[in-house]
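This report concerns only the one structure given below.
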Amino acid sequence: RWQRAVSLADWWTMADRLRADRPAASAPFYANVALAGSAQLGRLEAVSGSYFETLRQKPGRGRLLGAADDGERQRVIVINRWFWRSALREDAAMLEQPVVISGEAYRIVGVLDSAFAGIDLNPASPTIGWVPLSTAVSSGLVATDPSEPQLTVLVEERGSAGTRQWGQRLSALGAALDIASPLVDGQTRSGSGRRWSVATLDRVTRSSAATRYLLIGLGRVGGIGLAGAVNLANLTWMLMTSRLHEVSVCR
């Protein structure tokens, strides 16, 4: 099982510094999900507004989460196609019903067009819905400790910038963060700076050319799990195969 390798505090800085590259962040969590009188324990993801755009997902109904959802902290949710078909039976009237997550009502704003079910190794535990990261943080659905590594960060690789170039960028970003916000253990500085990791993987489908993504880690040595990063090569929305090409870790 892979470990999430970027903290909330570092993510906000990373998202700002790397804005042109559209990095996408995800924090999976489990919660009680109730809809139309029935309830279940469900796996959800708190995601950045760039998540669906970066992963090239499209809505089947309504809209997906976007940049505007990063700051508004509205209680809205996008549901996956499987949940729409099996639990809601494709009944448009059900989209008007609130989804209650841990006692709070969320409005369904969209349904995914594809079979994408989140970033996870276990297909038996698909993501049934996605909520804005900012909303999940303010509602306490995900851990609010800004220094705790809890986010998975992906970015689409474009042009010739590979792991080496990204490593240089992350090394500089990590050094700047070490000065501005040193890592701490309890109430004392840990004495060790941030390390980075970059793994490359391909998304291969029957209908499109391969899209290469970079899985980014930036944080404590113990917070970057490379064995887990390899597992992320099996993204559940892929129709064919995924190939993990190269992994590097550097100070």
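Numbering-wise (the numbering used here), the sequence shown opens with residue 190 and increments by one. Virtual Cβ for every residue (Gly too), placed ideally from N, Cα, C.
Beta-carbon proximity check, Asp367 vs Gly356, cutoff 9 Å = no
Limits of the beta strand (DSSP E) - the one that Ala223 falls within = 213-224
key: DSSP three-state assignment for Ala235, whether helix, strand or coil   = strand
query = Terminal residues of the continuous alpha helix (DSSP H) containing Gln339?
reply = Where Gln339 is concerned, there is no enclosing alpha helix (DSSP H), although the beta strand (DSSP E) it sits in stretches over 338-345.
query = Is the stretch 225-237 touching the stretch 314-323, taking contact as three or more C-beta pairs under 8 Å?
reply = yes
ask   = So, are the CB atoms of Thr316 and Asn269 less than 9 Å apart?
value = yes
Cβ-based neighbour list, Asp188, same chain, cut-off 6 Å, excluding 5 preceding and 5 following = Given a span of 190 to 440 for the chain in the structure shown, any question on residue 188 remains unanswerable.
query = Do you know offhand how far Gly363's Cα is from Gly408's?
reply = 8 Å
Three-state class that DSSP yields for Gln263 in the structure shown = coil
query = Hey, is the stretch 247-260 in contact with the stretch 297-309, meaning 3+ C-beta pairs nearer than 8 Å?
reply = yes
task = Pull up the distance between the alpha-carbon of Arg274 and that of Ser303, whole angstroms please.
result = 12 Å
ask   = Taking the alpha carbon of Gly307 as the point to measure from, which residue in Gly260, Thr389, Ala213 has its own alpha carbon closest?
value = Ala213
key: Where Ile317 falls: helix, strand or coil (DSSP)   = strand
ask   = Among Phe272, Ser328, Glu279, Asp280, which has the Cα closest to the Cα of Leu294?
value = Residue identity differs from the one stated: residue 294 is Ala in this sequence, not Leu. For the residues Phe272, Ser328, Glu279, Asp280, the minimum Cα distance to Ala294 belongs to Ser328.
For Ile405, the first and last residue of its enclosing alpha helix (DSSP H) = That residue, Ile405, is in no alpha helix (DSSP H); its beta strand (DSSP E) goes 400-408.
request  = Would you decide whether Thr243 is buried or exposed? Buried here means 16 or more other CB atoms lie within 10 Å of its CB.
outcome  = buried
ask   = Using 9 Å as the limit for Cβ to Cβ distance, is Asp258 near chain D?
value = No chain D appears in the structure shown, which is made up of a single protein chain.
task = For Glu346, count neighbouring C-beta atoms within 10 Å of its own C-beta (all shown protein chains included) and say buried if the count is 16 or more, exposed if not.
result = buried
request  = Give me the Cα-Cα distance between Asp199 and Tyr219, rounded to the nearest whole angstrom.
outcome  = 23 Å
key: Ala256 and Leu340 closer than 9 Å at C-beta   = no
task = Please indicate yes or no: does the CB of Val298 lie closer than 8 Å to some heavy atom of the ligand ZN?
result = The model depicted lacks the ligand ZN and carries no ligand whatsoever.
message = Just to confirm before moving on: does the CB-CB distance between Ser386 and Leu404 stay below 9 Å?
response = yes
message = Considering only their Cβ atoms, is the gap separating Val288 from Val222 smaller than 9 Å?
response = yes
Straight-line Cα distance separating Gln354 from His434 = Note that His434 scores a pLDDT of 31, beneath 50, so its modelled location is shaky and nothing firm can be said.
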